[in-house]
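Chains as they are written, first to last, in my numbering: chain A, 1 to 186; chain B, 1001 to 1186; chain C, 2001 to 2186; chain D, 3001 to 3186. The C-beta atom is built at its ideal place from N, Cα and C for all residues, glycine as well. Following: one structure in structure tokens, then a few remarks.
4 protein chains.
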Amino acid sequence: MGRPRDAGADRAILDATIELLADGGVGGLSMDLVAKRAGVGKSTIYRRWDSKEALVLDALSVAPARVPVPDTGTLRGDLVAYATALARIYGAAPRSDVLPHLIDAACYDDRLQASLHRYTRTRQQTLRTILQLGHQRGELTDDDDRELIVDVLLGSFFYRRLMSGERFTPRFAERLVDFVIKNTGR
Amino acid sequence: MGRPRDAGADRAILDATIELLADGGVGGLSMDLVAKRAGVGKSTIYRRWDSKEALVLDALSVAPARVPVPDTGTLRGDLVAYATALARIYGAAPRSDVLPHLIDAACYDDRLQASLHRYTRTRQQTLRTILQLGHQRGELTDDDDRELIVDVLLGSFFYRRLMSGERFTPRFAERLVDFVIKNTGR
Amino acid sequence: MGRPRDAGADRAILDATIELLADGGVGGLSMDLVAKRAGVGKSTIYRRWDSKEALVLDALSVAPARVPVPDTGTLRGDLVAYATALARIYGAAPRSDVLPHLIDAACYDDRLQASLHRYTRTRQQTLRTILQLGHQRGELTDDDDRELIVDVLLGSFFYRRLMSGERFTPRFAERLVDFVIKNTGR
Amino acid sequence: MGRPRDAGADRAILDATIELLADGGVGGLSMDLVAKRAGVGKSTIYRRWDSKEALVLDALSVAPARVPVPDTGTLRGDLVAYATALARIYGAAPRSDVLPHLIDAACYDDRLQASLHRYTRTRQQTLRTILQLGHQRGELTDDDDRELIVDVLLGSFFYRRLMSGERFTPRFAERLVDFVIKNTGR
DNA sequence: GATTAACCGAGACGGTACGTCACGTCTTTAA
DNA sequence: TTAAAGACGTGACGTACCGTCTCGGTTAATC
């Protein structure tokens, strides 16, 4: 019973979050700021999300996939196109890297961790679709390999991007794609 | 000129940092605490390190490599042993995950980012040594592939560990190793 | 709107301030200590007072007048009694001199300066009452002189006390009182 | 034995102190700054002065008297001229009030206190000279009164200036002078 | 129509860490 | 021994957020 939650508040909060995230990244986002910009009390936010990070993660999940499914006609072409787009889209973001903050926070919060995992797997969908198409064309045969390719491609990308700092160049993307499909299928 | 920096203070600060990191992770580490435990003023810390994260990163760098170079006689054996050890050693630490915090902080600080990259590449050394040995045995031929294998193995590991949440099981480790060496060497 | 300020916090903070002032003077008072003793967050203090000095000044203002209105029957007697009490009460406090610190701080903060002036004039009240009584008895006639006497008596006292260092002896007090009332009244 | 003290350093330090005091008052003066501007090591300063305040006080003492001895021909005229000059010269100083800081510091340091008292009494000299001249002219007779007048005039001034905040106007100066000489002499 | 219970905005709350600053002392090399 | 240089331990500063709590007031569904 009682007054139902205002659905508009959800949108206002998520919008404010996305805006603040856009300019300033996680560092430039505080709950007070979100509340003020959304025209909402802080308790209204905490009634819906457990923590700042949970909110941010939801805001991210709401946003549509940024890397489109390419269609070049061949698996190799699609994968190279995908990897290149990945590098272009996520490679630019200068200081507004939100994901690392969530990854960190997830270490200390099981619920958040679960959300992050769910989010990550959702974001794998584009790649899975590409592989699925390749499979239908007969360019891939074995199921297990596809799972592996997802980890290898995305893992390499994030590892370079966030940890080793080496550039994820188109040149490297091609090498990587050739590497992962050379020993698959026939 | 002037009074030289006390080398003992460096050690004391790094030691205190490592200790505090051990119990409590980054969350349980504050500069005041480090200063107190090291018997040092906070300014002495800030004179040497730009930020808490730079200090932590240095403390990590000082610590010896935790994953030893295995020696099973074959490349495949070594790689599986290495991957397994990786999972065992880094997989256990539940809340004391220091790296994600540094990865996050590095997004907002160029000097820190450079340090993180340097650290990461240093930590690749064990794996590179394994591959070098495999090369000497004739199990690997092409140089470029070795570079790639490093990214693929470590990338997959951290991607699963930190982002997708899928277990990095011994089973998976074997599959991964087979995947990366199937189309290399002869 | 919003949650109203907790009146109890005001009291707790002022009480803590007065206590800490009592043992240790301004030097022994830090905002962290006040907050801790009052069981209050530091932000709660800063929400109400601009600075440590503003808080101390308020704490002082809350305290009751320490020099009572004497009643000797004659203006001269009252004034001598007052001056003597002044010397006894403020002359004793060795290191816990709060006022000089506030006087200093007030030089750099207009709001604080205004508070100090208000406080000082409030503290003149006792003396004004004495003069008022003298006036009612016919021992004083002209209004302007009373204003002057306040400045002269208190000014001399603080000047000796804080600047020239000469003792404000009972002997001096009498001389001073005779000086200020010799040419008044009649 | 050993290297003799550099006499030039004294001047350099005092000059630097006076300069820094001029722009910024005590608040804008730190020992590091003095040392840097004087081209001197900090220890060289501390070898000569006990504390920042002792240095400042010495710097003040070195400066010549700022209120000149007037010569109007009458005691009343001289006193009014003096009081007016006092108000003009010290009344202007906005935030560079050095004396209050020293007064405060002197409460916690006996040596400094002695220095402050000495300094204050030195600064009374101008006024004493005026009174001495008045005495020679026969406008004052009793010695004790002269002592009192010094305290009353300077006390009132500083009391208004620093504590009660009331303006020390020329009008007030005249009233005060009339008050203190009405009941002296004849 | 009155009651009730959860909602709402605002903003104060206790807590904790931050990075900065200045103090007065100490330690080096050089004169 | 004094000098310049500058590192040292100490400790307070005021700020920024966190996530919670407390107001007065609103908004449905239930009685």
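Residue j beta carbon less than 8 Å from that of residue i
i, j, result
"Leu112 (chain A)", "Ser61 (chain A)", "no"
"Val3150 (chain D)", "Leu3133 (chain D)", "no"
"Ala3085 (chain D)", "Val3067 (chain D)", "yes"
"Gly3091 (chain D)", "Phe3168 (chain D)", "yes"
"Arg1991 (chain C)", "Ser3164 (chain D)", "In this structure chain C extends from 2001 to 2186, so residue 1991 (chain C) is not present and cannot be described."
"Asp110 (chain A)", "Asp1104 (chain B)", "no"
"Ala1106 (chain B)", "Leu1099 (chain B)", "no"
"Ser156 (chain A)", "Val1152 (chain B)", "yes"
Below-8 Å beta-carbon distance, residue i vs any chain D residue
i, result
"Thr2120 (chain C)", "yes"
"Gln2125 (chain C)", "no"
"Arg2167 (chain C)", "no"
"Ala2173 (chain C)", "no"
"Leu2176 (chain C)", "yes"
"Pro2100 (chain C)", "yes"
8 Å Cβ cutoff, residue i in contact with chain C
i, result
"His3117 (chain D)", "yes"
"Leu3057 (chain D)", "no"
"Asp3023 (chain D)", "no"
"Pro3170 (chain D)", "no"
"Ala3087 (chain D)", "no"
Residue-level contact to chain A via CB, residue i, 8 Å cutoff
i, result
"Tyr1108 (chain B)", "yes"
"Pro1070 (chain B)", "no"
"Ser1164 (chain B)", "yes"
"Val1152 (chain B)", "yes"
"Asp1010 (chain B)", "no"
"Asp1097 (chain B)", "yes"
"Leu1148 (chain B)", "yes"
"Gly1028 (chain B)", "no"
Contact with chain B by residue i, beta-carbon distance below 8 Å
i, result
"Ile103 (chain A)", "yes"
"Pro4 (chain A)", "no"
"Gln136 (chain A)", "no"
"Tyr159 (chain A)", "yes"
"Gly155 (chain A)", "yes"
"Leu60 (chain A)", "no"
"Gln132 (chain A)", "no"
Best match in the options for proximity to residue i [C-alpha to C-alpha]
i, options, result
"Asp58 (chain A)", "A:Val152, A:Arg118, A:Ala83, A:Gln125", "A:Arg118"
"Val962 (chain B)", "B:Phe1158, B:Ala1016, B:Asp1032, B:Leu1140", "Nothing in the structure corresponds to residue 962 (chain B), since chain B is present only between 1001 and 1186."
"Ile130 (chain A)", "A:Ala81, A:Ser115, A:Phe158", "A:Ala81"
"Arg47 (chain A)", "A:Pro170, A:Val152, A:Glu19, A:Arg5", "A:Arg5"
"Leu1162 (chain B)", "A:Asp145, A:His135, A:Tyr108", "A:Tyr108"
"Glu1174 (chain B)", "A:Arg175, A:Gln136, A:Leu154, A:Leu148", "A:Leu148"
"Arg2160 (chain C)", "D:Lys3182, D:His3135, D:Gln3124, D:Arg3137", "D:Gln3124"
"Ala1038 (chain B)", "B:Met1001, B:Asp1145, B:Ala1007", "B:Ala1007"
"Arg137 (chain A)", "A:Phe158, A:Ala114, A:Asp71, A:Glu166", "A:Asp71"
"Lys3182 (chain D)", "D:Leu3154, D:Gly3002, D:Asp3145, D:Glu3166", "D:Asp3145"
Sequence-distant residues of the same chain with beta carbon closer than 7 Å to residue i, five excluded per side
i, result
"Arg3186 (chain D)", "Here Arg3186 (chain D) scores only 41 on pLDDT, less than 50, and its place in the model should not be relied on; the value that follows carries that caveat. Hits under 7 Å: none found."
"Leu3014 (chain D)", "Asp3058, Ala3059, Val3062"
"Phe172 (chain A)", "none"
"Val3177 (chain D)", "Arg3076, Leu3079, Val3080, Ala3083"
"Gly26 (chain A)", "The displayed chain sequence assigns Val, not Gly, to residue 26 (chain A). Hits under 7 Å: Val56, Val98, His101."
"Pro170 (chain A)", "Thr84"
"Asn49 (chain A)", "Sequence inspection shows Trp at residue 49 (chain A); the Asn mentioned does not correspond to that position. Cβ within range, chain order: Leu55, Asp58."
"Ile3089 (chain D)", "Arg3066, Val3067"
Cβ-based neighbour list, residue i, same chain, cut-off 6 Å, excluding 5 preceding and 5 following
i, result
"Ala3009 (chain D)", "Val3040, Thr3044"
"Val69 (chain A)", "Thr126, Thr129"
"Ala1054 (chain B)", "Leu1112"
8 Å Cβ shell around residue i - same chain, five flanking residues per side excluded
i, result
"Leu29 (chain A)", "Thr17, Leu20, Leu21, Lys52, Val56"
"Leu42 (chain A)", "Sequence check: residue 42 (chain A) is Lys here, not Leu. Contacts found: Met31, Asp32, Ala35."
Start-end ranges of the alpha helix (DSSP H) lying completely within the stretch 2031-2118 of chain C, minimum 4 residues
2031-2038, 2042-2048, 2052-2062, 2075-2092, 2099-2106
Suppose only complete runs of 4+ residues qualify. What are the alpha helix (DSSP H) ranges in the stretch 3153-3182 of chain D, listed by chain order?
3170-3182
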